[in-house]
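The opening residue of the sequence shown carries number 168 in this note's numbering; numbering runs sequentially from there.
From the three backbone atoms N, C-alpha and C, an ideal C-beta is built for every residue, glycine too.
Given the structure is predicted, the values throughout are model-derived calculations rather than measurements.
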Amino acid sequence: MDVLQIGPENWADKYTIPSEIAWHYNSFATESQKSNPSLNEYSVVIITGKNDMKDEDWKKLQWVVAPYTVLYFPWIKDQLSNAAKQFLILQAAKKIELAPQELIDNLLSHFFDGQSGIRYAPTQLMITNKAINEFEYLDSGHLKIILDTKDEWVNVGTYKHNFYIDPNRIFKIWLSLRTLNIKIRLRIYPALTGGDGKVTDFEILNIDPKQSKEYMLKLAADKNIRTACVNVEAKGNGAFILGVLHWRWSRGGNGSFIPGGKRIVDQINHDDIAYYLNPGDLKPPLNVYFSGARALEGFEAYPLFRKMHAPSLLFTDMRLNVGEFYDDASQSLGKKIKEVINESLKKLGFTKDQLLMNGISMGTYPALKYGAQLQAHAIVVAKLITNLGYVATRQRLERPDEFDTIFDIDNQFINSLNEKQLKELDRNFWLQFEKNDLSQTKLFIGYMENDDYDNQAVKKLKQSKAIQSAKQIIYKGYPGRHNDNPAVINWFIERVHQIMRTDFGRDI
168 MDVLQIGPEN WADKYTIPSE IAWHYNSFAT ESQKSNPSLN EYSVVIITGK NDMKDEDWKK
228 LQWVVAPYTV LYFPWIKDQL SNAAKQFLIL QAAKKIELAP QELIDNLLSH FFDGQSGIRY
288 APTQLMITNK AINEFEYLDS GHLKIILDTK DEWVNVGTYK HNFYIDPNRI FKIWLSLRTL
348 NIKIRLRIYP ALTGGDGKVT DFEILNIDPK QSKEYMLKLA ADKNIRTACV NVEAKGNGAF
408 ILGVLHWRWS RGGNGSFIPG GKRIVDQINH DDIAYYLNPG DLKPPLNVYF SGARALEGFE
468 AYPLFRKMHA PSLLFTDMRL NVGEFYDDAS QSLGKKIKEV INESLKKLGF TKDQLLMNGI
528 SMGTYPALKY GAQLQAHAIV VAKLITNLGY VATRQRLERP DEFDTIFDID NQFINSLNEK
588 QLKELDRNFW LQFEKNDLSQ TKLFIGYMEN DDYDNQAVKK LKQSKAIQSA KQIIYKGYPG
648 RHNDNPAVIN WFIERVHQIM RTDFGRDI
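Written out as structure tokens, the structure reads:
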């Protein structure tokens with residue numbers, strides 16, 4: 168980890184710096200002047216007081232440190248130049264509230280590079296209580312259990328595989344859960360790799376379906392590799408629906424997945440999706456990007472949009488096995504997503520004419536749906552998927568065993584996975600889509616000519632009356648199935664760059 172300190176006194180002379188941290192003190196101006204500066208992005212910049220940084224140095228520094236990773240003492244602002252104060256704004260800098268040594272000790276576990284989150288489906292839970300004889304898998308992501316514990320806590324089951332505890336990481340848990348007269352808690356047993364741990368060494372997390380905050384483990388960061396055994400326990404007379412358990416790296420309150428990341432919580436199903444606003448240079452446009460299907464939780468395309476220097480808003484869907492296309496049966500999540508987008512536009516001082524909606528594969532569904540509803544300036548998508556019911560009907564004969572999670576996804580939208588309701592699901596999408604005014608919206612649609620997911624999406628678009636009234640519509644097809652040809656991704660990136668140049672005067 169590379170940490171840059173800017174200020175009058177070198178903390179490395181006063182405090183203990185972990186060996187894993189390369190401490191740079193007031194060295195950015197010198198390093199930036201090297202003929203071949205090895206300036207990998209700093210993981211953290213700490214501003215502790217008055218300094219000799221020039222205005223141009225602050226501008227350069229902005230692009231070698233990520234937003235939300237700049238820390239400063241609030242009382243030093245009067246000592247900073249206007250360029251330094253602007254730097255704090257552009258980087259969404261955070262005030263230091265800890266003592267210096269405590270702050271230093273937390274750097275490795277709070278501001279590490281990378282992101283991770285692992286899902287554990289209820290199908291991975293081994294039911295060990297023989298008294299439980301009434302349970303049903305609603306789909307691979309939801310297990311319904313009916314029981315009466317006689318008002319005592321009982322063990323329901325144990326996850327088949329131990330949970331991995333990475334070195335120098337702290338963890339948090341999120342559990343998709345619905346309950347009726349049942350209390351649920353998790354009992355977690357940590358152990359060093361290769362050991363069995365101690366049966367008396369455990370932590371209990373009481374799960375409240377109404378709580379929107381993730382559950383922080385008390386387990387401290389450690390240099391050793393460890394694992395954890397996780398049990399599910401219940402108390403009461405009723406039923407509960409156990410969903411996916413999410414095992415995530417924590418940043419100690421500094422963001423979800425990456426510094427600055429936030430969450431939207433579906434209180435009905437106790438599910439969540441995440442978003443991240445990068446302020447960039449605070450100049451139009453705002454690029455919104457929806458991540459595609461991801462086995463590991465986290466954001467994608469951060470480097471792509473960071474390099475453009477414009478503000479960007481990233482979304483990622485952590486539900487079920489790889490996500491649920493950023494939608495739900497009640498439309499409540501879609502409403503919250505649009506609220507986040509509108510709030511971000513307002514915060515930046517932008518209008519919908521300065522909004523670009525982007526997505527690839529699973530991300531095309533929300534980019535097209537919400538982009539049309541928000542009357543975005545442009546919608547850019549590649550490998551379009553809109554007909555979620557149709558994708559399910561193709562599974563048995565046209566792509567067996569390759570995307571079975573589509574049945575779990577569709578099961579969240581309709582009551583029964585029959586052909587009639589699957590067709591109705593797609594019909595409703597297009598009925599809603601036709602209500603949009605696209606007269607001020609440009610659309611760029613990249614697609615696969617032999618798409619084995621949704622080969623009807625482009626056909627439906629061309630038949631759409633709403634599309635026919637669009638300001639501009641461009642289609643580009645590539646031979647191959649859904650994941651055969653990366654050229655469509657390159658086309659997607661080129662179109663985003665094109666809009667940035669021609670419509671917003673960006674030098675890209």
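Taking DSSP's pairing of strands, which residues face residue i in a bridge?
{"i": "Gly644", "result": "Tyr614"}
{"i": "Lys339", "result": "Met383 and Arg415"}
{"i": "Glu467", "result": "Answer is none; Glu467 lacks a bridge partner."}
{"i": "Glu400", "result": "Asn322 and Arg352"}
{"i": "Thr315", "result": "In the sequence as displayed, the identity of residue 315 is Asp instead of Thr. According to DSSP, Asp315 bridges with Asn404."}
{"i": "Tyr443", "result": "Leu481"}
{"i": "Arg393", "result": "Ile332 and Leu359"}
{"i": "Gln639", "result": "Lys609"}
{"i": "Val757", "result": "Residue 757 lies beyond the stretch modelled for the chain, which goes from 168 to 675, so this question has no answer here."}
{"i": "Arg345", "result": "Ile408"}
{"i": "Leu238", "result": "Ile213 and Lys261"}
{"i": "Val232", "result": "Tyr209"}
{"i": "Leu310", "result": "Tyr304 and Leu409"}
Which word fits residue i, buried or exposed, when buried means at least 16 other C-beta atoms lie within 10 angstroms of its C-beta?
{"i": "Asp575", "result": "buried"}
{"i": "Ser205", "result": "Note that Ser205 has pLDDT 45, beneath the 50 cutoff, so the model's placement of it is unreliable and no number is given."}
{"i": "Asn203", "result": "Low confidence applies to Asn203: its pLDDT is 43, below 50, so where it sits in the model is not reliable enough to give any reading."}
{"i": "Ser186", "result": "exposed"}
{"i": "Asp280", "result": "exposed"}
{"i": "Ala260", "result": "buried"}
{"i": "Ile328", "result": "Sequence check: residue 328 is His here, not Ile. Exposed, since its Cβ has fewer than 16 Cβ neighbours within 10 Å."}
{"i": "Thr553", "result": "buried"}
{"i": "Trp225", "result": "buried"}
{"i": "Pro426", "result": "buried"}
{"i": "Lys609", "result": "buried"}
{"i": "Gly526", "result": "buried"}
{"i": "Asp368", "result": "exposed"}
{"i": "Lys638", "result": "exposed"}
{"i": "Glu269", "result": "exposed"}
{"i": "Tyr469", "result": "buried"}
{"i": "Lys339", "result": "buried"}
{"i": "Met529", "result": "buried"}
{"i": "Trp416", "result": "buried"}
{"i": "Pro567", "result": "exposed"}
{"i": "Pro391", "result": "Looking at the sequence provided, one finds Asn at residue 391 rather than Pro. The residue is exposed, with fewer than 16 neighbouring Cβ atoms inside 10 Å."}
{"i": "Gly516", "result": "exposed"}
How far does the alpha helix (DSSP H) with residue i in it reach, from first residue to last?
{"i": "Glu586", "result": "Glu586 to Phe600"}
{"i": "Met220", "result": "Counting along the chain, Met220 falls outside any alpha helix (DSSP H), and DSSP gives it neither H nor E."}
{"i": "Glu370", "result": "First-last for Glu370: Glu370 to Ile374, but that is the beta strand (DSSP E), not the alpha helix (DSSP H)."}
{"i": "Asn657", "result": "Ala654 to Phe671"}
{"i": "Ile634", "result": "Lys632 to Gln635"}
Step through the CB atoms of chain B and report whether any lies within less than 9 Å of the CB of residue i.
{"i": "Val170", "result": "The question asks about chain B, but that chain is absent: this structure has only one protein chain."}
Taking the beta strand (DSSP E) that residue i falls in, what are its first and last residues?
{"i": "Tyr189", "result": "Just to set this straight, residue 189 is Ala in the shown sequence, not Tyr. Unbroken beta strand (DSSP E) run through Ala189: Ala189 to Tyr192."}
{"i": "Asp169", "result": "Asp169 to Ile173"}
{"i": "Leu453", "result": "Leu453 to Phe457"}
{"i": "Phe330", "result": "Phe330 to Ile332"}
{"i": "Val212", "result": "Val211 to Ile214"}
Next item on the list: Mind listing, in chain order, the continuous beta strand (DSSP E) runs of no fewer than 3 residues lying wholly within the region 415-441?
Entry: Taken in chain order, the unbroken stretches of beta strand (DSSP E) that lie wholly in the region 415-441 and span 3 residues or more are 429-433.
Next item on the list: Check whether the region 455-462 touches the region 517-536, taking contact to mean three or more Cβ pairs, one atom from each stretch, closer than 8 Å.
Entry: Yes, since at least three Cβ pairs between the region 455-462 and the region 517-536 fall closer than 8 Å, the two stretches touch.
Check: Below 8 Å, can you find three or more Cβ-Cβ pairs linking the region 558-575 to the region 481-498?
Finding: Contact between the region 558-575 and the region 481-498 is present, because at least three Cβ pairs lie under 8 Å.
Note to self: Restricting to runs no shorter than 4 residues, where is the alpha helix (DSSP H) found entirely within the region 468-500?
What the structure shows: Under the rule that a run must span 4 or more residues, the alpha helix (DSSP H) segments found entirely inside the region 468-500 read 469-473.
Notebook entry, point to check: If you scan the region 240-308 from start to end, which runs of the alpha helix (DSSP H) of 4 or more residues do you find wholly inside it?
Noted result: The region 240-308 is shown to contain whole alpha helix (DSSP H) runs of 4 or more residues at 249-257 and 267-277, in chain order.
Check: Are at least three pairs of beta-carbons, each pair with one atom in the region 649-660 and one in the region 607-625, less than 8 Å apart?
Finding: Yes, the region 649-660 touches the region 607-625.
Check: What runs of the beta strand (DSSP E), each 3 residues or longer, lie entirely inside the region 502-574?
Finding: List check, beta strand (DSSP E) in window: 522-527 and 545-549.
Item checked: Cβ contact check for the region 304-313 and the region 403-414: 3 or more pairs under 8 Å -> Verdict: yes, contact present.
Next item on the list: Determine contact between the region 324-340 and the region 587-597, defined as no fewer than three beta-carbon pairs at a distance below 8 Å.
Entry: No: fewer than three Cβ pairs fall under 8 Å.
Check: Is the number of C-beta pairs between the region 469-484 and the region 434-452 that are closer than 8 Å three or more?
Finding: Contact holds between the region 469-484 and the region 434-452, because three or more Cβ pairs, one in each stretch, are under 8 Å apart.
Next item on the list: Tell me, please, whether the region 497-517 touches the region 429-441 by the rule of three or more beta-carbon pairs shorter than 8 Å.
Entry: Yes: the two stretches touch, three or more of their Cβ pairs being nearer than 8 Å.
Next item on the list: Taking 8 Å as the threshold, find out whether the region 554-561 comes into contact with the region 619-638 through three or more Cβ pairs.
Entry: The region 554-561 makes contact with the region 619-638: 3 or more CB pairs, one atom from each, lie closer than 8 Å.
Note to self: Between the region 212-227 and the region 243-252, can you find at least three pairs of beta-carbon atoms closer than 8 Å?
What the structure shows: With the cut-off at 8 Å, the region 243-252 and the region 212-227 touch.
Check: Is the region 336-353 touching the region 375-395, taking contact as three or more C-beta pairs under 8 Å?
Finding: As far as the Cβ criterion goes, the region 336-353 touches the region 375-395, which means the pair count is three or higher.
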